[in-house]
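Colleague: Residue numbers (the working numbering): 11 to 317.
1) Report all residues from its chain with a CB closer than 7 Å to the CB of residue 292; omit the five preceding and five following residues, and keep chain order.
2) Using a Cβ-Cβ cut-off of 6 Å (strictly less than) and excluding sequence neighbours within five positions of residue 106, which residues of its own chain qualify?
3) Determine contact between the segment 245-252 and the segment 55-64, defined as no fewer than three beta-carbon pairs at a distance below 8 Å.
4) Does the structure place the segment 78-93 close enough to the segment 247-266 that three or more beta carbon pairs sit under 8 Å?
5) Could you give the DSSP three-state label for residue 115: helix, strand or coil?
6) Could you tell me the distance, in whole angstroms, from the CA atom of residue 315 to the CA atom of residue 49?
7) Going by beta carbon distance, what residues of the same chain come within less than 8 Å of residue 312, once the five residues before and after it are set aside?
8) Any chance the segment 109-119 sits against the segment 144-158, with 3 or more Cβ pairs inside 8 Å?
9) Measuring straight from C-alpha to C-alpha, what distance separates residue 54 and residue 205?
10) Under DSSP, the alpha helix (DSSP H) around residue 18 begins and ends at which residues?
11) Using C-beta distances below 7 Å, list every residue in its chain close to residue 100, excluding the 5 sequence neighbours before and after it, in chain order.
12) Sort out for me which residues DSSP pairs residue 273 with in a bridge.
13) Tell me which residue opens and which closes the alpha helix (DSSP H) that residue 184 is part of.
14) Apart from the five residues just before and just after residue 273, which ones in its own chain have a Cβ nearer than 6 Å to its Cβ?
15) Quick one: what does DSSP say residue 285 is sitting in, helix, strand or coil?
16) Identify whether residue 71 lies in helix, strand or coil by the three-state DSSP scheme.
17) I need the DSSP call for residue 193, collapsed to helix, strand or coil.
18) For the candidate residues 46, 289 and 98, whose alpha-carbon lies nearest to that of residue 228?
19) So, is residue 44 buried or exposed, given that buried needs 16 or more other C-beta atoms within 10 angstroms?
20) Taking the alpha-carbon of residue 300 as reference, which of 212, 231 and 23 has the nearest alpha-carbon?
21) What's the C-alpha gap between residue 218 and residue 254?
22) Taking residue 187 as the reference, give the member of 64, 25 and 27 with the closest Cα.
23) Alpha carbon to alpha carbon, what distance is there between residue 147 and residue 175?
24) How many whole angstroms separate the CB atoms of residue 36 and residue 281, which I take to be in contact at a CB cut-off of 8 Å?
25) Verify the CB distance criterion: does residue 65 have a CB-CB separation below 9 Å to chain B?
26) So, helix, strand or coil for residue 224, using DSSP?
27) If you drop the 5 nearest sequence neighbours on each side, which residues of the same chain put their C-beta closer than 7 Å to that of residue 185?
28) What is the rounded straight-line gap between the Cα of residue 317 and the Cα of residue 38?
In structure tokens:
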């Protein structure tokens, strides 16, 4: 119980204070969400990605095991969510949104800040989370985007959307610089560190602003399936895969915690863009984020006790 209280107070509560501040500021000043989103996606996230990959001590063996884990976990969630869609007899539009809310998680705005707090003395843990974020971005702009495009019969945008994501290039550049031991000049490195440090606050303020005006007048029963699958079923699947692959230590902790994050905000954005039940997607993001302190704190505590 003491560990649970410690996790909630020291890890989860600081996150939600910033999220709450973002929601309040947006209601007070009507922040420009497009600008905040672009700053986070095209400036802060690539910087924090590059810095942590460059500083990472994750060797090729760990990288391969992490990638293998992520492919297995995503594959199982894709199959299970597709089976649920057929079993629940959802139409193609709602089915696409439903599946994306389960498969995709908020590993960027939510996951990296959590990892920055949980693994502040373990660079490997944050490096694993950075790689998870890269994978989730790839999954969002391939599988997730395909789901919405195929449901709306609007083809031909998948490759362009994927190639527009700057964190992909930040990862590649970070790997190249680390592999070839390329020294970064101080006049470049120090600004990069400052930008990476700013990510935590800005990302959570942005997330809070996105959740400020959610319409919660009616919650469909299907929402309970979505939230249960994202916050409970996903960590259970991740735990089984970790045991099967014999992953241990900080890597196991980071992967298990990364599996428990709430629904991806990008699901709500894509649902709005392609008009596939955007209100349902927004509710899923809001409710899963609201309930995540309990579930994520429990998973963090379990991960530290078991691994």
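Backbone N, C-alpha and C fix where the C-beta goes; we use that ideal spot for every residue, glycine too.
Modeller: Taking the coordinates as given:
1) Walking along the chain shown from the start, residue 292 turns up at place 282. 224 and 278.
2) Against the chain shown, residue 106 aligns to sequence position 96. Cβ neighbours of residue 106 beyond the five flanking positions: 157, 158, 161 and 286.
3) Counting C-beta pairs with one atom in each stretch, the segment 245-252 and the segment 55-64 have fewer than three that are closer than 8 Å, which means they do not touch.
4) The segment 247-266 makes contact with the segment 78-93; the number of CB pairs closer than 8 Å reaches 3 or more.
5) Start at 1 with the first residue of the chain shown, and residue 115 comes out as number 105. If DSSP states are grouped into helix, strand and coil, residue 115 belongs with the strands.
6) Indexing the chain shown from 1 puts residue 315 at position 305. Indexing the chain shown from 1 puts residue 49 at position 39. Computed Cα separation, rounded: 37 Å.
7) Indexing the chain shown from 1 puts residue 312 at position 302. Contacts found: 266.
8) Proximity of the segment 109-119 to the segment 144-158 meets the contact definition, three or more beta-carbon pairs being nearer than 8 Å.
9) The count along the chain shown starts at 1 and reaches residue 54 at position 44. The count along the chain shown starts at 1 and reaches residue 205 at position 195. Spanning the two alpha carbons is a distance of roughly 6 Å.
10) As a first step, residue 18 must be located in the chain shown, where it is residue number 8. Careful: residue 18 lies outside any alpha helix (DSSP H) and carries neither H nor E.
11) Along the chain shown, read from residue 1 onward, the residue named residue 100 stands at position 90. Sequence-distant Cβ neighbours of residue 100 in its own chain, meaning closer than 7 Å and more than five residues away, are 108.
12) Stepping through the chain shown from its first residue, residue 273 is reached at position 263. Answer is 115, bridged to residue 273.
13) Numbered from 1 along the chain shown, position 174 holds the residue referred to as residue 184. For residue 184, the enclosing alpha helix (DSSP H) begins and ends at 176-189.
14) On the chain shown, residue 273 is found 263 positions in, with the first residue counted as 1. Its chain contains 111, 240, 294, 295 and 298 as the residues whose beta carbon lies nearer than 6 Å to that of residue 273, once the 5 sequence neighbours on both sides are disregarded; these appear in chain order.
15) Taking the chain shown and counting its residues from 1, the one referred to as residue 285 is at position 275. It is coil, neither helix nor strand.
16) Locating residue 71 in the chain shown gives position 61, where the first residue counts as 1. Helix.
17) For the purposes of this step, residue 193 is taken as the residue at position 183 of the chain shown. Reduced to three states, the DSSP call for residue 193 is coil.
18) As a working note, residue 228 is residue 218 in the chain shown. Here the closest residue by C-alpha is 289.
19) Here residue 44 is taken as the residue at index 34 of the chain shown, counted from 1. Exposed is the call here.
20) By 1-based counting over the chain shown, the position of residue 300 is 290. The closest CA to that of residue 300, considering only 212, 231 and 23, is found on 23.
21) Position 208 of the chain shown holds residue 218. Position 244 of the chain shown holds residue 254. The straight-line gap from Cα to Cα measures roughly 37 Å.
22) To locate residue 187, count along the chain shown from 1; it is residue 177. Considering only alpha carbons, the answer is 64.
23) Residue numbering aside, residue 175 sits at position 165 when the chain shown is read from its first letter. Residue numbering aside, residue 147 sits at position 137 when the chain shown is read from its first letter. Roughly 8 Å separates the two Cα atoms.
24) Counting from one through the chain shown, the residue named residue 36 turns up at place 26. Counting from one through the chain shown, the residue named residue 281 turns up at place 271. About 20 Å separates the CB atoms of residue 36 and residue 281; that is not less than 8 Å, and the two are not in contact.
25) Included in the structure is just one protein chain, with no chain B present.
26) As a working mapping, residue 224 is identified with position 214 in the chain shown. Coil, per DSSP.
27) In the chain shown, residue 185 corresponds to position 175, counting from 1. Same-chain partners within the cutoff: 63.
28) Locating residue 317 in the chain shown gives position 307, where the first residue counts as 1. Locating residue 38 in the chain shown gives position 28, where the first residue counts as 1. Using only the alpha carbons, I get a separation of about 44 Å.
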